[in-house]
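Using the numbering used here, read the sequence shown as starting at 23 and increasing by one per residue.
Heads up: the structure comes next, in C-alpha cells.
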Amino acid sequence: MTGQPSRPTAPRPAIRLPAPAPGWAEPADVVVVGSGVAGLTAALRCAAAGLRTVVVTKARLDDGSTRWAQGGIAAALGEGDTPEQHLDDTLVAGAGLCDEDAVRLLVTEGPDAVRRLIDTGAVFDKADAAGTIALTREGGHHRRRIAHAGGDATGAEISRALVEAVRARRIRTVENALVLDLLTDAEGRTAGVTLHVMGEGRHDGVGAIHAPAVVLATGGMGQVFSATTNPAVSTGDGVALALRAGAEVSDLEFVQFHPTVLFLGADAEGQQPLVSEAVRGEGAHLVDAGGTRFMAGRHELAELAPRDIVAKAITRRMLEQDAEHMYLDGRHFGAEMWAERFPTILAACRAHSIDPVTEPIPVAPAAHYASGGIRTDRSGRTTLPGLYACGETACTGVHGANRLASNSLLEGLVYAERIAEAIVAAHPAGGPAPVPAEPARTETIPLLAPEQRFAIQRAMTRGAGVLRSEAFLAEAAEALSALRAQAGDTTAEGAPSEAKPAEPGVESWEATNLLCVARVLVDSARRRTETRGCHWREDHPDRDDTHWRRHLVTRLIQDRTLSVHTTDGAGLPATVPAGETP
Numbered sequence: 023m024t025g026q027p028s029r030p031t032a033p034r035p036a037i038r039l040p041a042p043a044p045g046w047a048e049p050a051d052v053v054v055v056g057s058g059v060a061g062l063t064a065a066l067r068c069a070a071a072g073l074r075t076v077v078v079t080k081a082r083l084d085d086g087s088t089r090w091a092q093g094g095i096a097a098a099l100g101e102g103d104t105p106e107q108h109l110d111d112t113l114v115a116g117a118g119l120c121d122e123d124a125v126r127l128l129v130t131e132g133p134d135a136v137r138r139l140i141d142t143g144a145v146f147d148k149a150d151a152a153g154t155i156a157l158t159r160e161g162g163h164h165r166r167r168i169a170h171a172g173g174d175a176t177g178a179e180i181s182r183a184l185v186e187a188v189r190a191r192r193i194r195t196v197e198n199a200l201v202l203d204l205l206t207d208a209e210g211r212t213a214g215v216t217l218h219v220m221g222e223g224r225h226d227g228v229g230a231i232h233a234p235a236v237v238l239a240t241g242g243m244g245q246v247f248s249a250t251t252n253p254a255v256s257t258g259d260g261v262a263l264a265l266r267a268g269a270e271v272s273d274l275e276f277v278q279f280h281p282t283v284l285f286l287g288a289d290a291e292g293q294q295p296l297v298s299e300a301v302r303g304e305g306a307h308l309v310d311a312g313g314t315r316f317m318a319g320r321h322e323l324a325e326l327a328p329r330d331i332v333a334k335a336i337t338r339r340m341l342e343q344d345a346e347h348m349y350l351d352g353r354h355f356g357a358e359m360w361a362e363r364f365p366t367i368l369a370a371c372r373a374h375s376i377d378p379v380t381e382p383i384p385v386a387p388a389a390h391y392a393s394g395g396i397r398t399d400r401s402g403r404t405t406l407p408g409l410y411a412c413g414e415t416a417c418t419g420v421h422g423a424n425r426l427a428s429n430s431l432l433e434g435l436v437y438a439e440r441i442a443e444a445i446v447a448a449h450p451a452g453g454p455a456p457v458p459a460e461p462a463r464t465e466t467i468p469l470l471a472p473e474q475r476f477a478i479q480r481a482m483t484r485g486a487g488v489l490r491s492e493a494f495l496a497e498a499a500e501a502l503s504a505l506r507a508q509a510g511d512t513t514a515e516g517a518p519s520e521a522k523p524a525e526p527g528v529e530s531w532e533a534t535n536l537l538c539v540a541r542v543l544v545d546s547a548r549r550r551t552e553t554r555g556c557h558w559r560e561d562h563p564d565r566d567d568t569h570w571r572r573h574l575v576t577r578l579i580q581d582r583t584l585s586v587h588t589t590d591g592a593g594l595p596a597t598v599p600a601g602e603t604p
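Shown next, in the form of C-alpha cells:
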C-alpha cells in the first residue's frame with residue numbers, strides 16, 4: 023500500500039500540557055498506561071517474558087471501561103461456527119472500511135486468546151454440566167458466539183481475573199495517576215512518560231517513568247458527549263497524548279452510539295446505564311409508546327441489526343413521533359430469566375424505579391464506543407518508534423466504520439498479546455533506561471478551565487451526535503474554536519490576547535484532552551461528506567464508495583493546527599516504512 027508515513031529521526035519541537043517538572047523518576051522496560059483488558063493483558067505477557075513492567079492507571083486497577091462491559095466477548099467457539107463466518111459479520115458491520123487482514127487476524131487468533139484468558143482465571147457461564155461455554159447472540163452476528171459471565175457481568179469477571187493475575191505476579195502498578203505526555207530520547211524514540219499521581223502513595227505529584235516502550239491502553243473518549251455509557255475516566259487521554267507527540271490518529275468521526283441506553287431524562291449527563299445488546303439477543307423487542315415494533319421489516323435481523331442501523335431507526339422513530347425515547351420490551355422473559363440472565367441490568371433499572379419484569383424499559387441512543395483512535399499496525403506499533411497502542415484508544419482497522427458487538431474485548435486480548443510479542447523482540451529485558459532529551463523548543467497547549475468540560479459536551483452532543491450535518495458540525499467547530507480562544511490558544515481564530523489559561527490540575531488537563539479529541543472528531547466528520555456506518559450525515563444521506571471508501575488520517579503539527587490526508591483505500595497503510603526495523 024502507498025501513503026506510508028515517515029518516522030522521526032530526531033525530536034520534533036514538543037507539544038505538551040502545562041505541568042510542573044517531574045519531581046521523581048523510575049526506570050522500566052515497558053510502561054503500560056491503562057488497566058482494562060488490553061492494558062493488563064499486555065502487562066501480563068511482558069512481565070512473563072521478564073520485562074520490568076509498570077502499569078499506570080487513572081483510577082483503581084478495575085475502574086476502566088472493561089468492568090462495565092455487559093454482553094460478552096465474541097469468538098468462534100461454538101459448534102459449526104468458524105472464524106470465516108465471524109469475519110463476514112465483522113466486515114458487514116464495518117460498512118466497507120474494515121482492514122480485512124486485521125479482521126482476519128482477530129477472528130483467527132481470537133478463540134485461542136479467549137482460552138488463554140480462561141487459563142488466566144476468567145470464568146464464563148456454562149451451558150451444561152459438561153462445562154460447555156454458554157453462547158448468545160448480539161446485533162450483527164448470524165451465530166451464537168458471545169461468551170458471557172455472571173449473566174450480564176462479563177467485563178467485571180474479566181477485570182477481576184486479570185487484576186488478580188497482575189497482583190499475583192507482583193507487577194508494579196501506579197494507581198490514581200493521569201499520564202500527561204510522552205518523553206523521547208535524542209533520536210526521537212520513546213523514552214517514557216510523565217504522569218501526575220493523585221493522593222498518597224509511593225510517589226505523589228508529577229513524575230516520570232523512563233522506558234523504551236510505552237503501551238497506550240487508555241480506553242475511549244465517550245466523555246466528550248453529554249450522555250455516554252463510558253465511565254468518568256474516559257476522556258480521550260491516550261489519543262490526546264499521541265496527537266501532542268506527533269503520532270497519527272484515524273477514523274475519529276466513527277463514534278458508535280449504543281442504541282439501548284437507559285433513558286434518565288433529556289437533561290441527564292455523564293455515564294448512563296447500558297442495556298446490553300444481549301437483551302435483544304435473547305428476544306426483547308423495540309417498541310414505541312403505542313407498543314408497535316418498528317425494526318421488523320427494516321433489516322433482515324430486525325432488532326439484531328448492526329448497532330448503527332438500530333440507533334438510526336430509534337432516532338428516526340423519535341423524530342417522527344416527537345418522542346424523547348423508545349422502549350425495549352422484555353416482559354415476556356419473566357422474573358426468573360431477568361434475575362438469572364441479566365441481574366446487573368435488572369438492578370440498574372430498579373434503582374431508577376423501572377421494573378423490566380412488568381414494564382418496558384425507556385431507552386435512547388448514547389455515545390458508546392470509538393471505532394477510531396491512534397493508528398497502529400498489526401503488532402500495535404504506532405507511527406512513533408517505541409509507542410504502541412491497543413484497545414479502544416487504538417485504530418487497528420478491525421472496526422471500520424462501525425464496531426460489531428462484543429468484538430472490543432476480543433480486540434483488546436488479541437492485539438495486546440501481539441504488542442507484547444513485538445516489545446519482547448525489540449526491547450531486551452534489563453537494558454539501561456533511556457535518557458529523555460529535552461527538545462530544542464517546547465510548545466504548551468493553553469489549559470481549559472475545568473467547567474469548560476460541560477461546554478465541550480453540550481457542543482458535541484448538539485453538533486456531532488447521532489444526527490450530523492454541515493450546519494450542526496459548523497456550530498460545533500465554532501463552539502470549540504471559541505473555547506480554545508478563551509483559553510488563550512493563539513492558533514484559534516480571534517484568540518484574545520488577555521485570555522488567561524487555567525491552572526494545571528487533573529480537571530483542567532482532562533478538559534484540555536477532551537477539546538483536543540473533539541477538534542479532530544468534528545474536523546473529520548465535516549470532511550467525510552457521506553453516511554457510512556455510525557457516521558450519519560443528513561445532508562449526505564448516501565454511502566459514497568467512490569470517494570470515501572478510505573480513511574482520514576490526522577496529525578497535530580507544531581503550530582497546533584491539524585494535518586489531514588486520506589488513504590488510498592480501505593486498508594490502513596503500514597506504520598513502519600518498508601525495510602525499517604521497528
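Quick reminder that beta carbons are idealized off the backbone N, C-alpha and C, glycines included.
Note that this is a predicted model, so its numbers are computed, not measured.
Item	Value
How many angstroms separate the CA atom of I376 from the CA atom of N535?	36 Å
Mark W46 as exposed unless 16 or more other C-beta atoms lie within 10 angstroms of its C-beta, in which case mark it buried.	exposed
Where does R38 fall in DSSP's three states?	strand
Look at G241 and G56 and say whether their C-beta atoms are less than 8 Å apart.	yes
Kindly list the residues whose CB is nearer than 7 Å to the CB of P468, restricted to its own chain and excluding five residues on each side of it in sequence; keep chain order.	A509, G510, D511 and P523
Considering P5, what are the terminal residues of the beta strand (DSSP E) in which it resides?	Outside the shown range of the chain (23 to 604) lies residue 5, about which nothing can therefore be said.
Taking three-plus beta-carbon pairs below 8 Å as touching, is the region 412–430 in contact with the region 90–98?	yes
Could you spell out where the alpha helix (DSSP H) holding M482 opens and where it closes?	Q474 to G485
To which residues of the same chain is S530 closer than 7 Å at the C-beta, ignoring the five residues directly before and after it?	L469, L470, A471, P472 and A524
Taking 8 Å as the threshold (C-beta atoms), are R363 and G173 in contact?	yes
Can you name, in chain order, every residue of its own chain whose Cβ lies under 6 Å from the Cβ of L36, other than the five neighbours on each side?	A small correction: the amino acid at residue 36 is Ala; Leu does not occupy that position in the sequence shown. Closer than 6 Å at the Cβ level, and outside the excluded window around A36, lie P461 and T464.
Which residue or residues does DSSP assign as beta-bridge partners of Y349?	V309 and P384
Determine the burial state of A369: buried for a count of at least 16 other Cβ atoms within 10 Å of its Cβ, exposed for fewer.	exposed
Tell whether a beta-carbon distance below 8 Å holds between R191 and A311.	no
Please confirm if the region 132–139 is in contact with the region 96–109, defined as three or more CB-CB distances below 8 Å between the two stretches.	yes
Which of the three DSSP states, helix, strand or coil, is assigned to D203?	strand
Are at least three pairs of beta-carbons, each pair with one atom in the region 322–335 and one in the region 541–558, less than 8 Å apart?	yes
Under 8 Å between the Cβ atoms of A423 and V283?	no
Excluding the five sequence neighbours on either side, which residues of its own chain have a C-beta within less than 7 Å of the C-beta of E48, listed in chain order?	I231
Buried or exposed: where does V457 fall if 16 or more other Cβ atoms within 10 Å of its Cβ makes it buried?	exposed
In this structure, does DSSP put P604 in helix, strand or coil?	Low confidence applies here, because P604 scores a pLDDT of 41, under 50, leaving its location unreliable; read the following figure in that light. If DSSP states are grouped into helix, strand and coil, P604 belongs with coil.
Pick out whichever of S181, T154 and H374 has its Cα sitting closest to the Cα of A169.	T154
Could you pull the DSSP bridge partners for T75 from this structure?	V52
Please classify E414 as buried or exposed, where buried requires at least 16 neighbouring CB atoms within 10 angstroms.	buried
Alpha carbons only, please: which of L238, G258 and S298 is nearest the one belonging to A411?	L238
Give every residue of the same chain whose Cβ lies closer than 7 Å to the Cβ of L286, excluding the five residues on either side of it in the sequence, and list them in chain order.	Q294 and H374
Return the first residue and the last residue of the alpha helix (DSSP H) that Q508 is part of.	E492 to A509
Between D147, L265, Q107 and K148, which lies nearest to T130 when the distance is taken from Cα to Cα?	Q107
Tell me whether A423 counts as near the ligand PLP, meaning its Cβ is closer than 7 Å to at least one heavy atom of that ligand.	No copy of the ligand PLP appears in this structure; indeed no ligand is present at all.
Let me confirm a value: G313 is counted as buried when at least 16 other C-beta atoms fall within 10 Å, else exposed. Which label applies?	exposed
With respect to the alpha helix (DSSP H) encompassing R363, which residues constitute its N-terminal and C-terminal limits?	A357 to R363
So the candidates are T250, S181, V261 and G303; which of them puts its Cα closest to the Cα of F279?	T250
Sorted by chain position, which residues of the same chain lie with C-beta nearer than 8 Å to T24's C-beta, five sequence neighbours on each side aside?	The predicted position of T24 is uncertain, since its pLDDT is 34 and thus under 50; a value taken from the coordinates is nonetheless stated next. Excluding residues within five positions, the ones whose Cβ falls inside 8 Å are D590 and P595.
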